[in-house]
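Numbering (the working numbering), first residue to last: 125 to 189.
This is the structure:
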């Protein structure tokens with residue numbers, strides 16, 4: 125796995141955890157729509173990073189076989 129991709133995934137997961145913790149601490153969100161859009165954007169970025177990891181693993185497997 126690409127080191128940069130792994131760092132990106134860790135950063136995105138950390139961001140999701142922070143966002144989740146913020147909401148679960150009974151904090152009132154002033155702008156729910158903005159939060160939802162930001163959360164969705166992080167999920168999309170995480171999905172893209174996951175796809176990059178899968179592609180890298182596939183290429184490494186093909187190279188090694």
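Note that beta-carbon positions come from the ideal geometry of N, C-alpha and C, so glycine has one too.
* Using 8 Å as the threshold, is the stretch 141-150 in touch with the stretch 171-186, meaning 3 or more CB pairs across them? -> no
* **Pairwise C-alpha distance: residue 189 and residue 135** => 32 Å
* Please say whether residue 129 and residue 173 have beta carbons closer to each other than 9 Å? => yes
* Enumerate, from N- to C-terminal direction, the unbroken beta strand (DSSP E) stretches of 3 or more residues contained entirely within the stretch 146-177. => none
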